[in-house]
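2 protein chains.
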Amino acid sequence: MKNITIYDIAKEAEVSVSTVSRVLNNTAPVKASTKDTIMKVIEKYKFQPNALARSLIKKETGTIAMIVPDMTNPFFPEVFWGSENEGREKGYTFFLCNSAGEYSRESEYLSILLERRVEGLIFIGGRINLADCPPELIREVTEAAEAIPVVLVNGNLSKGSLHRVYTDEAAGAALAAQHLIDLGHKEIAFVGGLDYMTTTMQKVKAVKKKLKEHGLSLRSDWVHYGEFSITAGRELMNRLLNGEQRPTAVICVNDFTAIGAMKAAIERGLKIPEDLSIVGFDDSPLSTAVIPELTTVTQNAYELGRLAVERIYQIIHGKPAKRSTVLQPELVIRQSTGRAPQKNGD
Amino acid sequence: MKNITIYDIAKEAEVSVSTVSRVLNNTAPVKASTKDTIMKVIEKYKFQPNALARSLIKKETGTIAMIVPDMTNPFFPEVFWGSENEGREKGYTFFLCNSAGEYSRESEYLSILLERRVEGLIFIGGRINLADCPPELIREVTEAAEAIPVVLVNGNLSKGSLHRVYTDEAAGAALAAQHLIDLGHKEIAFVGGLDYMTTTMQKVKAVKKKLKEHGLSLRSDWVHYGEFSITAGRELMNRLLNGEQRPTAVICVNDFTAIGAMKAAIERGLKIPEDLSIVGFDDSPLSTAVIPELTTVTQNAYELGRLAVERIYQIIHGKPAKRSTVLQPELVIRQSTGRAPQKNGD
DNA sequence: TTGAAAGCGCTAACAT
DNA sequence: ATGTTAGCGCTTTCAA
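So, in structure tokens, the structure goes:
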């Protein structure tokens with residue numbers, strides 16, 4: 001069964017292809033009557049113009065791609081949702097590519113997407129959070145950015161030469177620390193996150209700084225690095241609680257690890273927040289799903305995604321666009337944090 | 001800056017375009033030396049062949065699309081992940097389209113995707129779960145299915161004429177009911193889900209049937225319909241608990257509502273599972289995030305997605321493919337269910 | 001208001 | 001082993 005084309009429509013409507021094209025895109029006035037007959041034929045055959053052919057000549061595909069590290073962390077679907085919702089109105093359709101944390105997949109997708117002539121690329125997670133990203137991996141991205149607009153979400157590469165949209169994670173971590181300090185906590189720990197990722201490092205650094213400001217310090221044996229998962233949070237928390245002394249409050253790298261940490265603590269009979277306060281990061285839907293509800297730092301995932309698309313749009317249309325946008329996080333105080341327990345014995 | 005094409009490469013390498021095409025696709029033997037020089041030029045210009053032009057002539061785009069209702073429910077990202085991971089190896093890139101539950105968006109995407117000549121379409125949620133789907137909405141999908149392979153995940157339309165992959169939700173609900181009955185529960189309620197969606201209806205029906213088998217019945221004032229969210233679960237549970245009598249166990253339409261229900265119960269001072277048993281549905285990551293961990297029914301989200309792509313692949317390649325595949329769910333018993341409380345007074 | 005014709009960048013016969 | 005050429009399905013000058 002031959003595919004039906006604009007030629008078939010033209011022939012049946014007894015006009016030229018250009019006229020059909022004109023009614024399809026209403027790019028020029030067409031007599032109402034001829035327009036009518038053409039529309040009839042189009043509907044009769046349920047003709048769908050081939051977007052590929054159109055893109056080929058117009059050099060516009062109307063597609064944007066997003067590369068993410070992990071769809072099971074609700075943070076990323078929410079960023080995607082923000083992007084898609086913003087882009088849809090503007091006529092874009094979205095490719096979603098999961099790297100599963102493998103840099104080789106990122107590379108693979110990078111080249112596939114370039115071949116597909118996506119008009120913009122949103123990169124989140126993976127190599128752009130590496131404290132020390134191999135030059136080759138950086139190069140791939142900067143090269144892509146020479147061909148199409150690339151926006152990094154919550155990450156960085158090559159010293160800020162690329163467009164970025166991000167939350168000030170350090171400020172968020174400082175907020176969390178300040179909150180705990182205000183509650184009288186002096187023994188504060190940090191749990192979760194790989195130590196070679198900037199997401200983790202920035203937070204740890206900010207917590208240290210904030211504690212220092214108040215004459216406190218972050219004990220090195222109270223910093224436990226690891227994955228970003230619930231399981232990891234649980235394990236790391238157990239390790240922490242196995243130590244000689246235990247802190248009265250814990251700041252976690254994200255909500256997943258915070259929940260894992262909460263579970264570990266509760267399993268040991270600790271009461272939250274009476275015995276131990278816990279702060280998460282992301283304000284994902286999970287944070288209100290647990291009991292007690294999690295005190296956490298907002299990441300504005302939706303807004304990050306939305307802004308990334310807005311930026312791409314500006315770049316495509318040659319509008320002035322600043323290279324980086326910072327979102328200030330906020331602390332959402334819920335039930336997992338409370339006043340520091342009184343010291344009596346220990 | 002002119003786009004660099006296969007012609008530019010050919011000219012610089014002093015060969016014809018066909019030879020370049022040959023090394024690009026290694027579709028025919030090319031002398032090693034010429035191949036070398038061509039490769040050199042390709043790398044020199046970082047030439048990326050235009051996938052649109054290729055697709056146009058080959059009539060293959062290497063793309064598959066998935067239409068989902070809601071990215072914030074972790075069930076859907078997991079289905080997507082299953083699809084993408086299976087499809088990536090086979091050379092497919094994925095469009096992800098969120099309908100946000102609006103049928104008009106589904107329609108819009110349907111036609112956009114057809115124009116983009118995706119090679120397969122995975123449809124999940126939305127209209128395919130409607131007990132009584134308007135003919136027009138059905139027609140749009142069946143028409144799409146005439147052009148490309150369409151697979152419905154956990155839904156149905158037009159009496160099984162379309163390809164389907166789904167979990168036997170009724171069997172899952174029966175499993176849940178049986179489990180509660182085995183624990184001695186006689187007063188069982190159902191919470192969550194819109195009453196005009198098949199996901200909800202099938203479950204309610206199955207629970208009723210199972211209870212009947214055991215000489216029990218599902219009181220109509222113990223069935224509370226609503227959205228599928230945590231908030232809805234909470235509200236509906238509150239409504240349920242405001243009733244004259246309360247059940248000893250509740251089956252929820254999904255994990256979200258189950259968690260909402262759990263929260264409502266706990267807020268009222270009920271102990272789970274001592275006072276009240278709760279069963280969820282989906283076995284999403286949430287189910288192990290909460291305390292107590294949720295007893296739930298597996299949906300095999302990843303596998304559903306994977307199978308959908310496998311099916312599309314079979315259809316494209318003309319291999320025999322059965323029209324529908326059913327996955328049998330399993331009950332995962334965790335901490336939110338326990339023996340029915342002893343009646344003494346009330 | 002409409003038509004003819006030249007491409008967009010590539011692949012695939014068909015030649016050589 | 002390599003080159004020539006005719007499209008794929010559309011948009012867009014340029015003419016009429």
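Order-wise, the sequence lines are chains A and B. The UniProt record's numbering applies: residue 1 is where the first sequence begins, and numbers increase by one. The UniProt record's numbering applies: residue 1 is where the second sequence begins, and numbers increase by one. Beta carbons: idealized from backbone N, C-alpha and C, even for Gly.
- Within the region 245 to 326 of chain B, the runs of alpha helix (DSSP H) that reach at least 4 residues and sit entirely inside it are, in chain order, 255 to 267, 286 to 289, 301 to 316.
- With a beta-carbon spacing of about 17 Å, B/Leu276 and B/Ser287 fall beyond the 8 Å limit used to define contacts.
- Cβ contact annotation for A/Arg239 (same chain, cutoff 8 Å, sequence separation greater than five): His224, in chain order.
- The beta-carbon separation of A/Leu331 and A/His179, rounded to 6 Å, stays under the 8 Å limit for a contact.
- Scanning its chain for C-beta atoms nearer than 7 Å, with the 5 sequence neighbours on each side dropped, one finds around B/Tyr313 the residues Lys90, in chain order.
- Scanning A/Ile112, A/Ser107, A/Lys59, A/Thr257 for the CA closest to the CA of A/Gly280 turns up A/Thr257.
- For A/Arg164, the beta-bridge partners assigned by DSSP are A/Leu152, A/Ser324.
- Rounded to whole angstroms, the Cβ separation of B/Ile67 and B/Ser99 is 6 Å, and the two are in contact under 8 Å.
- For B/Thr34, no CB of chain A lies under 8 Å from its own CB, so it is not counted at the interface with that chain.
- Residue-level contact by beta carbon fails for A/Val332 and chain B, as no gap is shorter than 8 Å.
- For chain B, the residues of the region 35 to 60 of chain A that bring a beta carbon within less than 7 Å of one of its beta carbons are Lys46, Gln48, Pro49, Asn50, Ala51, Leu52, Ala53, Ser55, Leu56, in chain order.
- Residue pairing for B/Cys133: DSSP places it in no beta bridge.
- Below 8 Å, enough C-beta pairs join the region 170 to 179 of chain B and the region 323 to 337 of chain B to call them touching: three or more.
- The three-state reading of DSSP puts A/His185 in coil, since its state is none of H, G, I, E or B.
- Near chain B, meaning a CB-to-CB distance below 9 Å, the residues of the region 92 to 123 of chain A are Thr93, Phe94, Phe95, Leu96, Cys97, Asn98, Ala100, Arg105, Glu108, Tyr109, Ser111, Ile112, Leu113, Leu114, Glu115, Arg116, Arg117.
- Of the residues A/Thr337, A/Cys97, A/Lys11, the one whose Cα lies closest to the Cα of A/Met262 is A/Thr337.
- Secondary structure note for B/Gly120: its beta strand (DSSP E) is the uninterrupted segment 120 to 124.
- Between A/Ile316 and A/Glu84, the C-beta gap is not smaller than 8 Å, which leaves the two residues out of contact.
- In the displayed model, B/His214 falls within coil according to three-state DSSP, outside both helix and strand.
- Taking A/Val290 as the centre and dropping the five residues before and after it, the same chain places the C-beta of Ile259, Met262 closer than 7 Å to its C-beta, in chain order.
- Around A/Ile181, the same chain offers His214 as residues with beta carbons nearer than 6 Å, after the five sequence neighbours per side are excluded.
- For the pair B/Gln299 and A/Glu115, the Cα-to-Cα distance works out to about 36 Å.
- If you draw a straight line from the Cα of B/Tyr196 to the Cα of B/Arg127, it is about 11 Å long.
- The region 123 to 142 of chain B makes contact with the region 66 to 81 of chain B: 3 or more CB pairs, one atom from each, lie closer than 8 Å.
- Contact of A/Leu286 with chain B is assigned, a C-beta pair being separated by under 8 Å.
- DSSP places B/Asn98 in no alpha helix (DSSP H) but in the uninterrupted beta strand (DSSP E) bounded by 93 to 98.
- At least one CB of chain B lies nearer than 8 Å to the CB of A/Ala289.
- In chain order, Leu110, Leu114, Leu121, Val150 place their CB closer than 7 Å to the CB of B/Ala144, counting only its own chain and leaving out the 5 sequence neighbours on each side.
- Taking A/Ile230 as the centre and dropping the five residues before and after it, the same chain places the C-beta of Phe256, Ile259, Gly260 closer than 6 Å to its C-beta, in chain order.
- Of all alpha-carbon atoms in A/Ala65, A/Ala13, A/Ile278, the one lying nearest the alpha-carbon of A/Thr296 is that of A/Ile278.
- Under the Cβ criterion of 8 Å, A/Met237 is not counted among the residues facing chain B.
- Under a criterion of Cβ atoms nearer than 7 Å, the residues of chain B adjacent to A/Ile259 are, in order, Ala289.
- For B/Ala10, the enclosing alpha helix (DSSP H) starts and ends at 6 to 13.
- In this structure, the straight-line span from the alpha carbon of B/Lys159 to that of B/Met201 is close to 17 Å.
- One Cα belongs to A/Arg234, the other to B/Lys46, and the distance between them is close to 46 Å.
- When secondary structure is reduced to three states using DSSP, B/Phe76 falls in the helix class.
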